[in-house]
Amino acid sequence: MNQDSVVDTEAKCFVGSREVSCPGEEQLSKTEQQTEPWDLRILPAGFMPDRRNDLVFISLLAGVIIVTFVVAVLKIKIFGKTLTEYIRPIWPFILGAVLIVVSQYLIGLPYSETLPYFLKITQVLWVLMVALSLIKLNKEENFNLGNAFFLGVMYSVIIHGLKVSIRYFFYQKTLLYVADRFIYGSLIVMLVVTVLGSLFIFLKKKGIE
13 MNQDSVVDTE AKCFVGSREV SCPGEEQLSK TEQQTEPWDL RILPAGFMPD
63 RRNDLVFISL LAGVIIVTFV VAVLKIKIFG KTLTEYIRPI WPFILGAVLI
113 VVSQYLIGLP YSETLPYFLK ITQVLWVLMV ALSLIKLNKE ENFNLGNAFF
163 LGVMYSVIIH GLKVSIRYFF YQKTLLYVAD RFIYGSLIVM LVVTVLGSLF
213 IFLKKKGIE
């Protein structure tokens with residue numbers, strides 16, 4: 013064997029005389045691009061073990077469903093209203109928010125390259141659903157900041173509970189990731205209901221609706 017020979021360990025691919033990315037590198041590049049939207053937003057990386065735990069996640073999800081069912085069936089009042097009294101006037105907006113979330117995963121993520129602004133638009137739309145719900149409920153005489161707060165909790169569970177469930181079951185995300193996204197999304201919802209709720213109630217008291 014000639015000792016002066018040099019082995020080129022870096023694979024190169026060509027189309028004619030033009031160098032192009034090899035198939036494996038192109039696939040890796042696409043995978044890296046797809047993982048970009050999945051970064052943590054608010055929790056530090058070492059906040060909790062970054063792994064999946066079906067028992068814990070399913071138990072939490074089942075707990076939320078059971079509590080909601082009990083509150084609805086027993087007609088427990090929260091800040092003077094039952095769950096039905098919250099939902100009945102605004103159910104079209106709740107349905108709209110659910111459809112918007114589903115569209116993010118059926119349309120927004122798969123077609124992010126061809127529809128680059130779709131996800132941003134859907135973010136604005138679910139905020140709009142929350143705002144319209146506040147406007148609708150604020151027309152009732154006994155609506156107060158406590159009601160606005162619970163509306164925020166309700167929408168946090170509906171919107172971001174659905175989002176993290178999709179990401180956990182269909183995108184194989186970890187508990188750390190879904191906890192991070194649920195907290196982050198819920199903070200946005202609570203900020204919206206606090207600011208807009210306070211504004212709408214103030215305007216109502218001043219006789220400006």
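Numbering (our numbering), first residue to last: 13 to 221. Every residue, glycine too, gets a C-beta built ideally from N, C-alpha and C. All values reported here derive from a predicted model rather than from experimental measurement.
Contact set for G209: own chain, Cβ-Cβ below 7 Å, skip 5 residues either direction: Locating residue 209 in the sequence shown gives position 197, counting from the first residue. Taken in chain order, the residues that qualify are L146, L157, A160.
Proximity winner among K132, N154, I112, relative to T94 (alpha-carbon distances): Reading the sequence shown from its first residue, position 82 is the one you call residue 94. The residue with the shortest Cα to Cα distance from T94 is N154.
Where the alpha helix (DSSP H) through K217 begins and ends: Within the sequence shown, the letter at position 205 stands for residue 217. Residues 187-217.
Cβ neighbours of I178 in the same chain (closer than 7 Å, five flanking residues each side left out): Position 166 of the sequence shown, counted from the first residue, corresponds to residue 178. Residues of the same chain with a CB within less than 7 Å of the CB of I178, apart from the 5 flanking positions on each side, are Y117 in chain order.
Rounded separation between W103 and I54 - CA only: The sequence position of residue 103 within the sequence shown is 91, counting from 1. The sequence position of residue 54 within the sequence shown is 42, counting from 1. Approximately 31 Å, taken between the alpha carbons.
Contact check, F91 vs L144, beta carbons under 8 Å: Numbered from 1 along the sequence shown, position 79 holds the residue referred to as residue 91. Numbered from 1 along the sequence shown, position 132 holds the residue referred to as residue 144. A distance of 8 Å or more separates the beta carbons of F91 and L144.
Any 3 or more C-beta pairs closer than 8 Å across the segment 107-124 and the segment 168-177: Flag = yes, the segment 107-124 and the segment 168-177 touch.
Expected contact under 8 Å - CB spacing of F162 and Y98 to nearest Å: On the sequence shown, residue 162 is found 150 positions in, with the first residue counted as 1. On the sequence shown, residue 98 is found 86 positions in, with the first residue counted as 1. F162 to Y98, Cβ: 7 Å. Contact.
C-alpha gap between L211 and V204, whole angstroms: Locating residue 211 in the sequence shown gives position 199, counting from the first residue. Locating residue 204 in the sequence shown gives position 192, counting from the first residue. So the two alpha carbons sit approximately 11 Å from each other.
Best match in Y189, F182, T206, I195 for proximity to V114 [C-alpha to C-alpha]: Within the sequence shown, the letter at position 102 stands for residue 114. Ranking Y189, F182, T206, I195 by Cα distance to V114 puts F182 first.
Cβ separation of Y189 and W50, assumed to be a contact under 8 Å, to the nearest whole Å: By one-based count along the sequence shown, residue 189 stands at place 177. By one-based count along the sequence shown, residue 50 stands at place 38. The pair is a contact, with the Cβ atoms about 7 Å apart (cut-off 8 Å).
Exposure of L215, with buried meaning 16 or more beta-carbon neighbours within 10 Å: Along the sequence shown, one-based indexing puts residue 215 at 203. When all chains shown are included, L215 counts as exposed.
According to DSSP, residues forming a beta bridge with I90: Walking along the sequence shown from the start, residue 90 turns up at place 78. Paired residue(s): K93.
Buried versus exposed call for Y129 [16 or more other C-beta atoms within 10 Å across all chains shown]: Your numbering for residue 129 matches position 117 in the sequence shown. That one is exposed.
R6, DSSP secondary structure in three states: No answer is possible for residue 6: it lies beyond the span of the chain, which begins at 13 and ends at 221.
Candidates D66, F69, T96, N65: closest to I80 by CA position: Indexing the sequence shown from 1 puts residue 80 at position 68. Reading the sequence as shown, one finds Thr at residue 80 and not Ile. Of D66, F69, T96, N65, the residue nearest in Cα terms is T96.
Residue span of the alpha helix (DSSP H) that contains F181, given as start and end: Taking the sequence shown and counting its residues from 1, one reaches residue 181 at position 169. Per DSSP, F181 belongs to the alpha helix (DSSP H) from 173-182.
6 Å Cβ shell around M141 - same chain, five flanking residues per side excluded: In the sequence shown, the residue the question calls residue 141 occupies position 129. Contacts found: F105, G108, A109.
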